[in-house]
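Q:
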Amino acid sequence: MSFLIRVQLPDTPGTLGAVATALGMIGADILSVDVVERGGGVAIDDMVVELPSGRLPDAVITAAESVEGVEVDAVRPYAGVLDTHRELELVEEIAAQPASGLSVLVEGVPRIIRAGWAIVVSVSDAGVDRLASSSASPEAPITDLPWLPLERATILDSEDSWVPETWQELGTELAATPLGKPDKALLVGRPGGPMFRAAEVARLAHLAGIVAVVLDG
């Protein structure tokens, strides 16, 4: 079974190799790696790891953290490898079928930023509207979005009163970015974490900005 693990590690030569060696000693196979963020002597990496049958994900944490200075932020099941630089492909797909562009967007974004789901929302006098939802998005109704209108991409407090109870129970980390105008936003959720990093939110904002231009063009 494959798992996505997020690790914090010293940004020094040889550290990632040491983690790979430690994982190899428990029979884990690293399928792909993506640098999420780096700075201040620390790197945040996402890895997709294939575990042999019978191995528990706890073994991954123990092995990785056996390397000095390494901390595992999260481990969760994950299918496939990382779509590290798929933004351009997604934009081209949206441009080719703009009538269903929002639907294409919400299905593609979770794979790019390793989220569980994505929803395009807006607010009007009638209340909250879901303009598009990914197939994995939760069905819990959203009755209020006090953070809209939204001027810039941001990490949202997952324990705020507007967040549906089922999202909170799953420990869903949330981020949002404007989509063309402040009263329409792309909302993404990552059940079980890990928390969104600043670099991921910036990446989300950049993608949403391009998509908004394509759809409004």
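Taking UniProt numbering, the leading residue of the sequence shown gets 1, the next gets one more, and so forth.
Ideal placement from N, C-alpha and C gives every residue a C-beta, glycine not left out.
The structure presented is a predicted model; accordingly, all values stated were derived computationally and were not measured.
So, at 7 angstroms on beta carbons, what are the nonlocal neighbours of residue 170 in its own chain, with the 5 sequence-adjacent residues on each side left out?
A: Cβ neighbours of residue 170 beyond the five flanking positions: 191 and 192.
Q: Compare the Cα-Cα distances from residue 18 to each of 106, 44, 69 and 48 and report the closest residue.
A: Residue 69 is the option with its Cα nearest to residue 18.
Q: Return the residue from the list 24, 189, 37 and 93 that minimises the CA-CA distance to residue 133.
A: Per the Cα distances, 189.
Q: Closer than 8 angstroms is the cut-off here; do at least three beta carbon pairs connect the stretch 3-13 with the stretch 45-59?
A: Short answer: they touch.
Q: Could you say if the stretch 19-27 and the stretch 85-102 meet the contact criterion of at least three C-beta pairs nearer than 8 angstroms?
A: Cβ pair count under 8 angstroms is below three, so no.
Q: Fully enclosed by the stretch 83-160, which alpha helix (DSSP H) runs are 4 residues long or longer?
A: If we require 4 residues or more, the alpha helix (DSSP H) runs fully inside the stretch 83-160 come out as 87-96 and 101-113.
Q: In terms of alpha-carbon separation, which member of 31, 214, 115 and 155 lies closest to residue 52?
A: Out of 31, 214, 115 and 155, 31 has the C-alpha closest to the C-alpha of residue 52.
Q: Taking the continuous beta strand (DSSP E) assigned at residue 11, which residues delimit it?
A: It is not in any beta strand (DSSP E) - residue 11 carries neither H nor E in the DSSP assignment.
Q: Label residue 194 either buried or exposed according to how many other C-beta atoms from any shown protein chain fall within 10 Å of its C-beta, with 16 as the threshold for buried.
A: The residue in question, residue 194, is buried, as its Cβ has 16 or more Cβ neighbours within 10 Å.
Q: If you draw a straight line from the C-alpha of residue 155 to the C-alpha of residue 182, how long is it?
A: Cα to Cα, residue 155 sits roughly 16 angstroms from residue 182.
Q: Just reading off the beta strand (DSSP E) that residue 204 is part of, what are its end residues?
A: Counting along the chain, residue 204 falls outside any beta strand (DSSP E), though it belongs to the alpha helix (DSSP H) covering 198-216.
Q: Taking its Cβ as the centre, do 16 or more other Cβ atoms sit within 10 Å of residue 89, making it buried, or is it exposed?
A: So residue 89 ends up on the exposed side.
Q: Taking the DSSP output, what are the residues bridged to residue 174?
A: Answer is 156 and 189, bridged to residue 174.
Q: Sort 159, 197, 204 and 160 by Cα distance to residue 176 and report the nearest one.
A: Among 159, 197, 204 and 160, the Cα nearest to that of residue 176 belongs to 204.
Q: Assuming residue 64 is part of the beta strand (DSSP E), what are its boundary residues?
A: Taken as a continuous stretch (DSSP letters only), residue 64 belongs to no beta strand (DSSP E), being part of the alpha helix (DSSP H) at 57-64.
Q: Between the Cα of residue 140 and the Cα atoms of 150, 168 and 41, which residue gives the shortest distance?
A: Nearest C-alpha to residue 140: 168.
Q: Return the bridge partner residues of residue 73 from the DSSP annotation.
A: Residue 73 pairs with nothing; no bridge assigned.
Q: With a threshold of 16 other CB atoms inside 10 Å of the CB of residue 13, please say whether the residue is buried or exposed.
A: Classification of residue 13: exposed, given that the 10 Å Cβ count is below 16.
Q: Under 8 angstroms Cβ to Cβ from residue 164, same chain only, skipping five residues before and after it: list those, please.
A: The residues are 138, 140, 141 and 142.
Q: Measuring CB to CB, does residue 120 end up less than 7 angstroms from residue 145?
A: The answer is no: Cβ separation not under 7 angstroms.
Q: Within its chain, find whatever has a CB closer than 7 angstroms to the CB of residue 79; leave out the 5 residues flanking it on each side and keep chain order.
A: Closer than 7 angstroms at Cβ, skipping near neighbours: 2.
Q: Reducing DSSP to helix, strand and coil, say where residue 28 ends up.
A: Residue 28 falls in the coil class under three-state DSSP.
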